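In what follows, a single structure is set out as structure tokens and then discussed.
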Amino acid sequence: MASPKPFACSAIALLFAANLVSAQLSANFYDKSCPNALPTIRIAGCDGSVLLDDTPTFTGEKTAAPNNNSLRGFDVIDNIKAHIEGICPQVVSCADILAVAARESVVALGGPTWVVQLGRRDSTTASLDTANNDIPAPTFDLGDLTKSFSNKGLSATDMIALSGAHTIGQARCVNFRNRIYSETNIDTSLATSLKSNCPNTTGDNNISPLDASTPYAFDNFYYKNLLNKKGVLHSDQQLFNGGSADSQTTTYSSNMATFFTDFSAAMVKMGNINPITGSSGQIRKNCRKVN
1 MASPKPFACS AIALLFAANL VSAQLSANFY DKSCPNALPT IRIAGCDGSV
51 LLDDTPTFTG EKTAAPNNNS LRGFDVIDNI KAHIEGICPQ VVSCADILAV
101 AARESVVALG GPTWVVQLGR RDSTTASLDT ANNDIPAPTF DLGDLTKSFS
151 NKGLSATDMI ALSGAHTIGQ ARCVNFRNRI YSETNIDTSL ATSLKSNCPN
201 TTGDNNISPL DASTPYAFDN FYYKNLLNKK GVLHSDQQLF NGGSADSQTT
251 TYSSNMATFF TDFSAAMVKM GNINPITGSS GQIRKNCRKV N
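According to the UniProt record's numbering, the sequence shown is numbered sequentially starting from 1.
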């Protein structure tokens, strides 16, 4: 399986970005039509709109501000899709591959598992404007974060739990520069360390781990860091900054089992947001383009 380390956080972000209505999804959707689908995804490595590449006549979601140069792992999805097409041509959607791959990546890094409902079909379009408007920005305050998730039918509890995906993954300098140079609610040693890789005026695309304590483990150190003012993004530290999220963040910092339970439940909810099913959409042959 391809390394899940750089991919898992991106996969979770991709799920939020995709227009995944709750319809007839089922954990057993491919049991007859492609029984080896899930094992193949596990070994090889939403509606999948965010997977579409730009063309001369189409601008997709990959270059949206929250995604540009941040989302990675598209090659992992390509590899999985190629394996799936080899055994079950045009049966398993890119959207379902993405949903299962997100779970398998989290599990591979020591995180929880959950039941993925299947049966999504792929979109035939994507929206740069929608991605820019719907994906939470790293500059968001707590109220903005809560509203952004609420607009997708997710609660404040879901938001705080899903933010724990930042226990893995990396952030671009441009997305945390203002925090390390201008904000005061940040650990000085963290700010100094981040400044070494994020100059004041250059290096926008330089990356640093969102959780430097255990960057390759899916655990609760993200929340432990927040209690010590070590949130890399402004939006991260908002979860422990004297507001309504403090109590839940504190609980997660000391009780990883509770975090895992809430994270799994929130991932199921997020994966069931407005999926395309039935005869709508399509099953893409190539996840990067419509058929």
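Using N, Cα and C, we set each Cβ at its ideal position, and we do this for glycine too. It should be emphasised that the depicted structure is a prediction, and the values quoted were computed from it without experimental measurement.
- The C-beta separation of Asp262 from Thr157 comes to about 6 Å, placing the pair in contact by the 8 Å criterion.
- Contact annotation: the stretch 104–122 touches the stretch 26–40, with at least three C-beta pairs closer than 8 Å.
- In this structure, Leu227 is the residue among Arg103, Cys287, Leu227 with its C-alpha nearest to the C-alpha of Asp246.
- For the alpha helix (DSSP H) assignment, the uninterrupted runs of no fewer than 4 residues enclosed by the stretch 135–207 are, from N- to C-terminal side, 142–150, 156–163, 177–182, 188–195.
- For Ser26, DSSP records a beta bridge to Leu118.
- Between Phe260 and Thr251, the CB-CB gap reaches or exceeds 9 Å.
- Ser253 sits away from Tyr216, with the two beta carbons spaced by 9 Å or more.
- Secondary-structure assignment with DSSP links Lys269 through no beta bridge to anything.
- With respect to Lys147, Met270 sits apart: the two C-beta atoms are not nearer than 9 Å.
- Every alpha helix (DSSP H) of 4 residues or more that sits fully in the stretch 202–270 is shown, in chain order, as 221–227, 234–237, 246–254.
- Contact between Asn225 and Asp211 holds, with the beta-carbon distance rounding to 6 Å and staying under 8 Å.
- Apart from the 5 residues on each side of it in sequence, Cys34 sits with its Cβ closer than 8 Å to the Cβ of Ile84, Ile87, Cys88, Val91, Val92 in its chain, given in chain order.
- Within the DSSP secondary-structure output, Gln282 pairs in a beta bridge with Asp122.
- Going by beta carbons, Gln170 and Ser208 fall inside the 9 Å limit.
- In terms of Cα proximity to Ile168, the closest of Ala108, Leu190, Asp141, Met159 is Ala108.
- Looking at Lys285, Pro112, Val174, the one whose alpha-carbon comes closest to that of Val232 is Val174.
- The C-alpha of Arg284 is placed about 44 Å away from the C-alpha of Asn241.
- Taking C-alpha positions only, Ser264 is separated from Ser193 by approximately 32 Å.
- When secondary structure is reduced to three states using DSSP, Lys81 falls in the helix class.
- Straight-line measurement puts the Cα of Arg103 at about 14 Å from the Cα of Gly164.
- Around the C-beta of Val115, fewer than 16 other C-beta atoms lie within 10 Å, and the residue is accordingly described as exposed.
- Among the bridge pairs identified by DSSP, Ile276 is matched with Arg121.
- Using a Cβ distance threshold of 9 Å, Pro112 and Phe218 count as a contacting pair.
- Pairing Gly278 with Leu142 gives a Cβ-Cβ distance that is not under 9 Å.
- With at least 16 other beta carbons inside 10 angstroms of its own, Asn220 counts as buried.
- The straight-line gap separating the alpha-carbon atoms of Thr202 and Asp96 is approximately 39 Å.
- Residues of the same chain with a CB within less than 8 Å of the CB of Leu162, apart from the 5 flanking positions on each side, are Ile12, Phe16, Phe149, Leu154, Phe263, Ala266, Met267, Met270 in chain order.
- The beta carbon of Asn200 sits closer than 8 Å to those of Arg177, Tyr181, all from its chain and outside the five residues before and after it, given in chain order.
- Cβ-Cβ distances below 8 Å link Asp187 to Asn228, Lys229, Lys230 in the same chain, with the five nearest sequence neighbours on each side left out; the list follows chain order.
- The Cβ atoms of Asn206 and Arg172 lie closer than 9 Å to each other.
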